[in-house]
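J.:
Residue numbers (the numbering used here), protein chains in the order written: chain U, 46 to 649; chain B, -16 to 373.
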């Protein structure tokens, strides 16, 4: 300790700088210390000024500059909406797959690169090399590759090769309801079916989105509020029931194969709501691999194909005449023993009859008898009833490619038009139009708009059920009741026996339409369209079913070819929907009201 | 009590040695508990530092180690050790430090040598600056800052009055300064070497060394500095970038322009704590040398002013303590310690705002860095002890 004080004493006694005596070294020390302290604060002043310059004056400029490196725009592809059946079972969805592209500017060794890629992806080596040399900067190598392939590409670590995620549409039920669902192209654009019809709802337009990135270009999470407001494809709930669809497709396919028919259509509709429960078209295809099938298989024949309906069309003159009270079920008609002249044409019945009641005319499908009914109506009234039933106009179903059918205006009718149209010739209808006509009888007189879409679900929103045009009434319930009785008779005693079920009352009509042969310019005797349209249970219908077979080779009559398909479908679907039987002992126990309720509950 | 305290204070031997009549008002003040404003400034900086180290390092820690708290934990651990060391220094009478001068000098030089030649020397980023013992690492160049101050305070006090004698009062001190600088330049760490030269010169200046001598010293060092600058390509680039950073914002001007972008983004009020974007790997060293850029970005000009205010408070109270100490050794030691903090922060701030060429010096109490924190806290502890004895 002593030395310390010595030093200080010494310093106090000694001389100061440059030999001048300094009275107090502490004062000199403090003076110089203060100079340095002032320097420090001056420097701090300069620093603060600089901070002010950078942070306040140049704030906007530097902030924008920082934003520029922080933000990056990229093409945002909203995920395409799913398609569900009425019970929310998945029918179409989207998965993400990798696509391989090349950035030509980054490629160093073309031959090595193309050889490696060709080995992994099974693409043509020469073709790829040629495309790389082509001068374009962005080159697709292969789109939507498997995860194994993607892993191999990543492991190979090739320069200039990039992977981006792309959506791939997937149909988990494969070919089920393929013609209704449709399919999408490589860029997720809807090309057919619901996918095409509601393309703008299912798929949102891609758009450029601002994304935040770190210095390595890695994407940062978007703020939650932004994510929620991003448009996304909406989900669509169809009115189809996957199980019913499966039943219908299975039975139709069986019959089409058995009878070697060219094509077939089967549709089930709820007569009250117009909702399509199943829509099957043969031949079928798998929408995931649509390019492998010929385009005619993609067509939804139920809405786009026109055919001459034949006897099933007799429903229209029958209903019209009854509604106008021009005939009664007891009226008897002379059927000319199977042959009659109407103007310039000769009409034949398959089986010759002499006198038949109105009910028998329909149930035995007598052409001659029905034409006489039409004659009581006259061309004008027949024309207007056909119009009222909705023929000659699109039904408005949410499917693309719907045809309005062919129905000539009244002024173009010839003398033979009335008899011809009465028996379902000279008129082109679509299956969906004919089905709806039968639904009018089943629901007590209303023309309902057929629907395949039940709801469109927007992300984050409650179910949005579609509003549809109101059904309009064209027939009285009394007329419908009379027509139903005749149609029941047609199934139980007439041509439609094959459609009858043990525990349910079936009302329906067969049809066998000879096809017009363009080669001979006359109706063919060998090529025909066999069909059956009916509803069940007849007086509390839970479904209207149409079965149509195009050119069945084995059995060509509607009652033999199509009616059994109706029976098989109806039996299974009634059981699936737990519709109580209306025939037999238990009918008396359960009221009609509860029957309807049970049927609806099962439907919904 | 008052009179008793007066008696007690006057009984301290070393005050008598000053040989000055001291006004009663100075002496009758009871021995204080220490300068709380000095402590307040320090604690303020430590708290901001603790928060900002986490804010600026979490992303890097997550990306590299999948643990966002890694650097925060490390910093907290350093902080605890440093606080304990400071508590020890507070209890330790500053006059006894003088007896440790030569052992400390020997230890520091030994450690600096050990960094360069021993197997424990750790190399990182092209420089050997650390001694690693297991998981602990130590930066002897940080310790040598304090050692040099302690040595110069002792030596200049001893030679007070004979400082104009070149061989006795001037040369030995500059040989020691030169030795430290040379060993640190070998690491290489030009920034710390220049810093030691600067603090050495300033201490000599305050003690009374003629300015002409310091000018000679500068003249002597100039060729070495120029050589050091132009020997290494990166230093020359740094210098040219300093003159116009926006000419080369992607390579050599990258760090400084990114610092500008951080500060400019902050504006007046800042983007908000934790909301900064430059720490997303745009700005290198956001949790060490450039933590102040992140502060400017997240806390804005207001936050910057706040920290500069705390720093100013600390420096002012430090100098105030130095001015009021009755003995020359204490004055030089206190001035040296507070100067070290003031110079480090001045350089760091100058670099962050682009007024000085890039040089890696941490901001005291805020930047991540264990040895620096430890040494600075010990320094504050010594100052605190001094402030109790005014």
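Here a beta-carbon is modelled for each residue, glycine too, at the ideal position from N, C-alpha and C.
1) For residue 298 of chain B and residue 255 of chain U, what's the separation of their Cα atoms in angstroms?
2) Using DSSP's beta-bridge definition, name the partner residues of residue 120 of chain U.
3) Report the partner residues of residue 258 of chain U according to the DSSP bridge assignment.
4) In chain order, what residues of the same chain have a beta carbon less than 6 Å from the beta carbon of residue 8 of chain B, not counting five sequence neighbours either side?
5) Could you give the uninterrupted runs of the alpha helix (DSSP H) lying entirely in the stretch 275 to 349 of chain B, keeping only those of 4 residues or more?
6) When burial is assigned at 16 or more other CB atoms within 10 Å of the CB, is residue 343 of chain U buried or exposed?
7) So what's residue 270 of chain B in DSSP terms, helix, strand or just coil?
8) In terms of residue numbering, what span does the alpha helix (DSSP H) encompassing residue 85 of chain B cover?
9) Among U/553, U/244, U/113, which residue has its Cα nearest to the Cα of residue 443 of chain U?
10) Less than 8 Å between CB atoms is the rule here; does residue 127 of chain U satisfy it with respect to chain B?
11) Please classify residue 389 of chain U as buried or exposed, where buried requires at least 16 other C-beta atoms within 10 Å of its C-beta.
12) Should residue 229 of chain U be flagged as near chain B, meaning a C-beta pair shorter than 8 Å?
13) What is the rounded straight-line gap between the Cα of residue 267 of chain B and the Cα of residue 237 of chain U?
14) Threshold first: 4 residues or longer. Then list the alpha helix (DSSP H) segments lying entirely within the stretch 148 to 205 of chain B, N to C.
15) Please state whether the Cβ-Cβ distance between residue 132 of chain U and residue 317 of chain U is less than 8 Å.
16) Rounded to whole angstroms, what is the Cα-Cα separation between residue 166 of chain B and residue 372 of chain B?
17) For a contact defined as C-beta to C-beta under 8 Å, what are the partners of residue 72 of chain U on chain B?
18) Counting Cβ pairs, one atom from each stretch, are 3 or more of them under 8 Å apart for the stretch 325 to 344 of chain U and the stretch 215 to 230 of chain U?
19) Which residues of the stretch 138 to 157 of chain U have a Cβ closer than 8 Å to any Cβ of chain B? Give them in chain order.
20) Report the rounded CA-to-CA distance for residue 312 of chain B versus residue 280 of chain B, giving the unit in angstroms.
21) Does the Cβ of residue 187 of chain B have 16 or more other Cβ atoms within 10 Å, making it buried, or fewer, making it exposed?
22) Who pairs with residue 559 of chain U in a beta bridge, going by DSSP?
23) Roughly how many angstroms lie between the CA atoms of residue 260 of chain B and residue 115 of chain U, to the nearest whole one?
24) Using only the alpha-carbon positions, how far apart do residue 119 of chain B and residue 272 of chain B sit?
25) For residue 228 of chain B, count neighbouring C-beta atoms within 10 Å of its own C-beta (all shown protein chains included) and say buried if the count is 16 or more, exposed if not.
26) Tell me where the beta strand (DSSP E) around residue 598 of chain U begins and ends.
27) Mind checking which residues open and close the alpha helix (DSSP H) that includes residue 193 of chain U?
28) What are the start and end residues of the alpha helix (DSSP H) that includes residue 386 of chain U?
29) When the distance is taken between beta carbons, is residue 139 of chain B closer than 8 Å to residue 190 of chain B?
30) Are the C-beta of residue 344 of chain U and some C-beta of chain B separated by less than 8 Å?
31) Count the other CB atoms, across all protein chains shown, that sit within 10 Å of the CB of residue 70 of chain B; report buried if there are 16 or more and exposed otherwise.
32) Going by Cα to Cα distance, which pick from U/137, U/624, U/395, U/415 is closest to residue 557 of chain U?
33) Would you mind listing the beta strand (DSSP E) stretches within the stretch 10 to 61 of chain B that are 3+ residues and don't spill past its ends, in chain order?
34) Going by DSSP in three states, residue 535 of chain U sits in which element: helix, strand or coil?
35) For the stretch 73 to 94 of chain U, which residues have a CB atom closer than 8 Å to at least one CB atom of chain B, in sequence order?
36) Got a sec: is the Cβ-Cβ distance from residue 106 of chain U to anything in chain B below 8 Å?
T.: Result, derived from the coordinates:
1) Their backbone Cα atoms lie some 46 Å apart in a straight line.
2) Answer by DSSP bridge pairing, in chain order: U/253.
3) DSSP lists U/264 as partners of residue 258 of chain U.
4) Caution is warranted here: a pLDDT of 45 is assigned to residue 8 of chain B, below 50, making its placement in the model unreliable, and no coordinate value can be reported.
5) Counting only runs of 4 or more, we get 311 to 335.
6) Around the beta carbon of residue 343 of chain U, 16 or more other beta carbons lie within 10 angstroms, which makes this residue buried.
7) In the structure shown, the three-state DSSP call for residue 270 of chain B is coil.
8) Residue 85 of chain B -> alpha helix (DSSP H) spans 84 to 100.
9) Minimum Cα distance to residue 443 of chain U is reached at U/244.
10) Not a single CB atom of chain B sits nearer than 8 Å to the CB of residue 127 of chain U.
11) Residue 389 of chain U sits exposed, since fewer than 16 C-beta atoms from the chains shown fall within 10 Å of its C-beta.
12) Not an interface residue.
13) Their backbone Cα atoms lie some 54 Å apart in a straight line.
14) Here the runs fully enclosed are 154 to 168, 173 to 190.
15) No, these two residues do not count as a Cβ contact at 8 Å.
16) Using only the alpha carbons, I get a separation of about 36 Å.
17) Chain B residues near residue 72 of chain U: none, gap ~10 Å exceeds 8 Å.
18) Yes: at least three Cβ pairs fall under 8 Å.
19) Listed by position, the residues of the stretch 138 to 157 of chain U near chain B (Cβ gap below 8 Å) amount to none.
20) Their backbone Cα atoms lie some 42 Å apart in a straight line.
21) Buried is the call here.
22) Residue 559 of chain U is bridged to U/573.
23) If you take the alpha carbons of residue 260 of chain B and residue 115 of chain U, they lie about 8 Å apart.
24) Distance between the alpha carbons of residue 119 of chain B and residue 272 of chain B: 21 Å.
25) Under this definition residue 228 of chain B is a buried residue.
26) Premise fails: residue 598 of chain U is in no beta strand (DSSP E) and is neither H nor E.
27) 192 to 201 is the span of the alpha helix (DSSP H), which, as asked, contains residue 193 of chain U.
28) Not the alpha helix (DSSP H): residue 386 of chain U falls in the beta strand (DSSP E), residues 384 to 387.
29) Their beta carbons are under 8 Å apart, which means residue 190 of chain B touches residue 139 of chain B by this criterion.
30) It does not: the Cβ of residue 344 of chain U has no partner Cβ on chain B nearer than 8 Å.
31) When all chains shown are included, residue 70 of chain B counts as exposed.
32) A check of alpha carbon separations from residue 557 of chain U across U/137, U/624, U/395, U/415 identifies U/395 as the nearest.
33) Along the stretch 10 to 61 of chain B, the beta strand (DSSP E) does not occur as any fully enclosed run of 3 or more residues.
34) Residue 535 of chain U falls in the helix class under three-state DSSP.
35) Taking 8 Å as the Cβ-Cβ cut-off against chain B, the residues of the stretch 73 to 94 of chain U that qualify are 73, 74, 75, 77, 78, 79, 81, 82, 85, 86, 88, 89, 91, 92, 93.
36) It does; some Cβ of chain B falls within 8 Å.
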